[in-house]
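Novice:
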Amino acid sequence: MARLYTLPLFAEDHHPATKDEPPPDPARHTPKYMGDNAGNITVLVNHSDAPYLSNELFEFFTGVLNACKLSMKDVALFNLHRTPESYQTLQAETQPAKMLLLGVIPDEIGLPMQFPHFQIYKHNNISYLSAPDLAVIQGDKSLKSALWKALQALFEL
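According to my numbering, the sequence shown is numbered sequentially starting from 6.
1) Just confirm the distance between the C-beta atoms of Y57 and F65, as a whole number of angstroms; I'd bet it's less than 8 Å.
2) Going by beta-carbon coordinates alone, are F123 and A151 separated by less than 9 Å?
3) In angstroms with no decimal places, state the Cα-to-Cα distance between H164 and K74.
4) Check whether the Cβ atoms of N129 and A81 sit closer than 9 Å, and answer yes or no.
5) On the three-state DSSP scale, how would you describe K149?
6) Which residue comes first and which comes last in the alpha helix (DSSP H) that contains N60?
7) Since L167 and E61 should fall inside the 8 Å C-beta cutoff, what is the C-beta to C-beta distance between them, to a whole number of angstroms?
8) Measure the alpha-carbon distance for Q143 versus P137 and round it to whole angstroms.
9) Rounded to whole angstroms, what is the Cα-Cα separation between A158 and K37?
10) Do L105 and Y133 have their C-beta atoms closer together than 9 Å?
11) How big is the Cα-Cα spacing for N45 and F83?
12) Threshold first: 4 residues or longer. Then list the alpha helix (DSSP H) segments lying entirely within the stretch 85-116, N to C.
13) Do you know how far the Cα of Y126 is from the Cα of A97?
14) By the three-class DSSP mapping on this structure, what secondary structure does K154 have?
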């Protein structure tokens, strides 16, 4: 029997909780996002078919970031389908200077205002930019152009 179990059953860093450690607080919820958020740029999408974006849309999105001289290190990418959040929770978590709503309407995160696609709207020291879903933009040259112009203004390129 000992020959069947030659490896440890637990990873070496496994240690039981001690009495000094408080139990996890289930009321405290930490939103999940992709990216390092070094640029304090929060990006919101709403996709049911992938944890964040499909491979094809992720490639398109990173191309857009590269055109803006940004990378995933600069952003916090949230999929609201996976982790629905209010704008207050998102602000507390990521401290954004800029927030992109891609296929997300302001009502979905509880923003108290509406603004048209491709126009920058400032509220509480955050610059918001709303645009259609990436899947729609990817297939439409005029929408790509409108997004690029808005991003140039937002990121002062």
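Every residue, glycine too, gets a C-beta built ideally from N, C-alpha and C.
Specialist: For this structure:
1) Sequence index remark: in the sequence shown, residue 57 carries index 52 (1-based). Sequence index remark: in the sequence shown, residue 65 carries index 60 (1-based). At roughly 13 Å, the Cβ-Cβ gap does not stay under 8 Å, so Y57 and F65 are not in contact.
2) Taking the first residue of the sequence shown as 1, we reach residue 123 at position 118. Taking the first residue of the sequence shown as 1, we reach residue 151 at position 146. Closer than 9 Å, so yes.
3) Given that the chain is displayed from residue 6 to residue 162, the structure contains no residue 164 and the question cannot be resolved.
4) Your numbering for residue 129 matches position 124 in the sequence shown. Your numbering for residue 81 matches position 76 in the sequence shown. No; because the gap between Cβ atoms is not below 9 Å, this pair is not in contact.
5) Taking the sequence shown and counting its residues from 1, the one referred to as residue 149 is at position 144. Residue state, collapsed to three classes: helix.
6) Taking the first residue of the sequence shown as position 1, residue 60 is located at position 55. Counted as a single uninterrupted DSSP element, the alpha helix (DSSP H) harbouring N60 occupies residues N60 to A72.
7) Past the boundaries of the shown model lies residue 167; the chain is included only from 6 to 162, so the question cannot be answered.
8) Locating residue 143 in the sequence shown gives position 138, counting from the first residue. Locating residue 137 in the sequence shown gives position 132, counting from the first residue. Straight-line Cα distance between these residues: approximately 10 Å.
9) Residue numbering aside, residue 158 sits at position 153 when the sequence shown is read from its first letter. Residue numbering aside, residue 37 sits at position 32 when the sequence shown is read from its first letter. Going by C-alpha positions, A158 is about 28 Å away from K37.
10) Here residue 105 is taken as the residue at index 100 of the sequence shown, counted from 1. Here residue 133 is taken as the residue at index 128 of the sequence shown, counted from 1. Contact flag set, yes.
11) For the purposes of this step, residue 45 is taken as residue 40 along the sequence shown, with counting starting at 1. For the purposes of this step, residue 83 is taken as residue 78 along the sequence shown, with counting starting at 1. Cα to Cα, the separation comes out at about 13 Å.
12) Taking 4 residues as the shortest admissible run, the stretch 85-116 contains the following complete alpha helix (DSSP H) segments, listed from N- to C-terminal end: 92-99.
13) For the purposes of this step, residue 97 is taken as the residue at position 92 of the sequence shown. For the purposes of this step, residue 126 is taken as the residue at position 121 of the sequence shown. Between A97 and Y126, the C-alpha separation is close to 19 Å.
14) On the sequence shown, position 149 is the one that residue 154 refers to. In the structure shown, the three-state DSSP call for K154 is helix.
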